[in-house]
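Working notes, structure below.
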Amino acid sequence: RLMATLVLGVGQLKVIRERSSEVDPCLSVFGGDTSWSTEEFLEVHNVIRMSGKHNFEVCKIPIPTKIRYDRIREALGDGVSPREYLVLSLLKFGMPLDCNPGFGVTKIQKNHFSAVSFKKEINEYLDKSVQTQAILGPFKFSPISDLCFSPLMSVPKEETRRRVIVDFSFPPGKSINDGIPRTTYLDFDVEFSLPSVQSMVSRLNDLGRGCLLYKKGSQGSLSPI
């Protein structure tokens, strides 16, 4: 669901070219504030939690991000739809999971075998993530009262590397993913599916011979939940 929202956001960026021919095509939408201390993250979390609402609804505390949402808003011009306005608000104030509070496990979970069997790779992942503030910690005790736990796992990536994954589908029936609606997000209907090999083939056929394609990994672009 989070990724679906990001895709929705990327879709809105395309509107920039359609609506405003005067906008510089090289207009940068990156370069915002990206630095918060751990204490600031925790303080903001507690303030938002006490409000009982999502950040974009009440507190409206801008989150640290490299995305220049102000420039995106300027490029969109007048007549922004409710859906587009929501995307801009989520870029500025953060994207809630929209997860049912009855899901998620508050008891510490053991990491999967594929994580504990590769301690070196897991430690390297944690060290790098802490340095870039993709994750916070380590903590000697739970820094927040409503913390939920999901185990780590890893899968092979290339010949000598491992991809570290937080398993939000565990345990089945009570996991974070189980509590996230599949067809709605914040009262909006959502149709989303992961791209398939066939969709890529169809896209290549539409573009024709000589088209240029590239891929971009999202690792490091998103802060783990």
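At position 26 of the sequence shown (counting the first as 1) the number is 557 in my numbering, and the numbers step up by one without a gap.
We treat Cβ as the ideally placed atom computed from N, Cα and C, and that holds for glycine.
Coil, strand or helix - residue i by DSSP
i: L573; result: helix
i: R599; result: coil
i: P726; result: coil
i: K746; result: coil
i: I696; result: strand
i: V618; result: helix
i: S582; result: helix
i: S706; result: coil
i: L667; result: coil
i: N736; result: helix
i: I592; result: coil
i: D658; result: helix
i: L611; result: A small fix is needed here, since residue 611 is Val in this sequence, not Leu. In this structure, V611 counts as coil in the three-state DSSP scheme.
i: G741; result: coil
i: S645; result: helix
i: M731; result: helix
i: F624; result: helix
i: E690; result: coil
i: I675; result: coil
Same chain only: Cβ atoms within 8 Å of residue i, ignoring 5 sequence neighbours per side
i: S566; result: P595, Q664
i: G739; result: none
i: N577; result: I675
i: F719; result: R614, L617
Close Cβ partners of residue i (< 7 Å) along its chain, the five nearest in sequence each way excluded
i: G741; result: none
i: S700; result: S706, N708
i: P702; result: V636
i: L667; result: T569, F572
Beta-bridge partners of residue i, as assigned by DSSP
i: D720; result: T715
i: F680; result: V636
i: S829; result: The requested residue 829 is not part of the displayed model; the chain covers only 532 to 756.
Close-in-space but distant-in-sequence residues of the same chain around residue i (CB under 6 Å, 5 per side omitted)
i: F680; result: V636, I639, Q640
i: P593; result: K623
i: S685; result: S645, A646, F649, R693, V695
i: K688; result: R694
i: P669; result: none
i: V661; result: none
i: N642; result: P682, L683
i: V589; result: S582
Below-8 Å beta-carbon distance, residue i vs any chain C residue
i: G635; result: Looking at the structure shown, chain C is missing, and only one protein chain is on hand.
- prompt: At a cut of 8 Å, does the segment 613–627 reach the segment 687–704 through at least three beta carbon pairs?
  reply: no
- request: Kindly confirm or deny that the segment 730–738 and the segment 648–664 touch, where touching means at least three C-beta pairs closer than 8 Å.
  value: no
- request: Count the C-beta pairs between the segment 595–604 and the segment 628–644 that are closer than 8 Å, then say yes if the count reaches three, no if not.
  value: no
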